[in-house]
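Before any comments, here is the structure.
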Amino acid sequence: MNRIQRLKIFFLLCLCRLALPAQDVHFSQFYNAPLSLNPALAGAFEEDMRFGAAYRNQWSSVPVPYESFFGTYDQKVFQPWLGDNWLGLGGAFAYDQAGDANLSWLQLALFGAFHWRAAAGHSLSAGLQLRFGQRALEPGQFSFADQFTDSFFDPAAPTAESFAATSAGYFSLGSGFNWFYQPEESRSRAWAGLSATHLNQPALSFMNDGTVSLPVLFTLNAQGLLELAERWDLAANLLGQRQGTYQEIAGMAGGRFHVSQDKGRELALQLGAGYRLGDALIGYLDVFYKNWRFGLSYDANTSPFIAATNRNGGPEFSVQYVIRQVKPPKAYKACPIF
1 MNRIQRLKIF FLLCLCRLAL PAQDVHFSQF YNAPLSLNPA LAGAFEEDMR FGAAYRNQWS
61 SVPVPYESFF GTYDQKVFQP WLGDNWLGLG GAFAYDQAGD ANLSWLQLAL FGAFHWRAAA
121 GHSLSAGLQL RFGQRALEPG QFSFADQFTD SFFDPAAPTA ESFAATSAGY FSLGSGFNWF
181 YQPEESRSRA WAGLSATHLN QPALSFMNDG TVSLPVLFTL NAQGLLELAE RWDLAANLLG
241 QRQGTYQEIA GMAGGRFHVS QDKGRELALQ LGAGYRLGDA LIGYLDVFYK NWRFGLSYDA
301 NTSPFIAATN RNGGPEFSVQ YVIRQVKPPK AYKACPIF
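Written as structure tokens, this is what we have:
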């Protein structure tokens, strides 16, 4: 495939992304990247600290694959004045890149959440998000019509084409709410949340004219785990997102088998499948080992883009590591003092 054909595909992808109002980063394993969904999920887990990362290589069969990386850290914060409630604090780093001109999007985010134990087994959470983002490209990688002489391309030839800017940055605000329930002495649990990102709809344009802004991204997420037997669970995950004219609806379901439940030797395998409406079929495998969670998934493209992808979507990898802090024993006197 020659350079002109690659350039055409690149611009096609750019137009697609413009038509999907600068769509934010998304993953097939959205359930393994909770901070990409809702700031209220910062600190919403059983342990005390959590590290996470995800990598996605989309459309690897075309000359301009789309790569995404997402890394997070969050933790619980307990204070005496909070009683049985707690705070969640965290941060995230996201980066994606596509095309010959390395069209990229860098995002940094900070999260804060308050978690309230509303009743036995129930908790309600509210979170805030502050995000910085930057778009960039390398126009020197483009090929323009005035660089062709007698049907021959001269990469050193000057061009009259120019860009007002090769990067653009923004700040945005977000918020979210979440409900969680888990009965005592059970692995079963469920949670659901709603969030809104880019509430201030910041301007983002390479033209420096302020006429293009990021639409508000609304996210609805629900997840559940049902304990079926001593070693078997049923897991389900639902996602709905809307940003301007862009919409994504995805559902995942799978079975989890606990190979070992011995303390310090925990091992479980989860196998399942899902569907992203109008876009892809998804198969996935999760491995839970002690404090680790490893995820692997693959998309089979079903959208009209199959003409270029030959139904190949892309692989996605994720990893999580959690830490449970050992609480120090309360101070006491071994012998009474007389």
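All letters in the sequence shown, in the order written, are residues 1 to 338 by the working numbering.
Where is the CB? At the ideal position from N, CA and C, for every residue including glycine.
Cβ-based neighbour list, residue i, same chain, cut-off 7 angstroms, excluding 5 preceding and 5 following
| i | result |
| --- | --- |
| H258 | R231 and A268 |
| S260 | E266 and L267 |
| N38 | G127, G176, N178, G193, S195, T219 and N221 |
| L106 | Y95, G133 and Q134 |
| N200 | S172 and L173 |
Nearest residue (CA-CA) to residue i, options the options
| i | options | result |
| --- | --- | --- |
| Y321 | L37, P34, A42 and M49 | M49 |
| L225 | A203, L204, L199 and A253 | A253 |
| K76 | G91, Q241 and L234 | G91 |
| H26 | Q129, Q247 and L124 | Q247 |
| F111 | F148, T149 and P34 | P34 |
| T72 | P80, G88, W81 and G83 | G88 |
| A188 | Y289, L82, Q223 and N57 | The sequence given here places Ser at residue 188; Ala does not occur at that position. Among Y289, L82, Q223 and N57, the Cα nearest to that of S188 belongs to Q223. |
| Q270 | D262, G264, F288 and R276 | F288 |
| G169 | P183, S213 and Q129 | S213 |
Collapsed DSSP secondary structure at residue i in the structure displayed
| i | result |
| --- | --- |
| L214 | coil |
| K327 | coil |
| A19 | Low confidence applies here, because A19 scores a pLDDT of 36, under 50, leaving its location unreliable; read the following figure in that light. Here A19 sits in helix by DSSP. |
| N32 | helix |
| A44 | coil |
| P392 | Given that the chain is displayed from residue 1 to residue 338, the structure contains no residue 392 and the question cannot be resolved. |
| P202 | coil |
| P183 | coil |
Neighbourhood of residue i by C-beta, 6 angstroms cutoff - its chain only, sequence neighbours within 5 removed
| i | result |
| --- | --- |
| H122 | Y181 |
| L103 | L137 |
| G283 | A273 and Y298 |
| F51 | Y73 and Y321 |
Cβ separation of residue i and residue j, assumed to be a contact under 8 angstroms, to the nearest whole Å
| i | j | result |
| --- | --- | --- |
| L41 | N178 | 6 angstroms |
| S318 | A53 | 7 angstroms |
| F70 | A250 | At roughly 16 angstroms, the Cβ-Cβ gap does not stay under 8 angstroms, so F70 and A250 are not in contact. |
| L234 | G255 | 6 angstroms |
Residues of its chain near residue i, where Cβ-Cβ distance is below 8 angstroms and the 5 sequence neighbours each way are ignored
| i | result |
| --- | --- |
| S303 | G278, D279 and A280 |
| N291 | E47, Y321, V322, I323 and R324 |
Interface flag, residue i vs chain B, CB-CB below 8 angstroms
| i | result |
| --- | --- |
| R189 | Checking the listed chains, one finds no chain B in this structure; it contains a single protein chain. |
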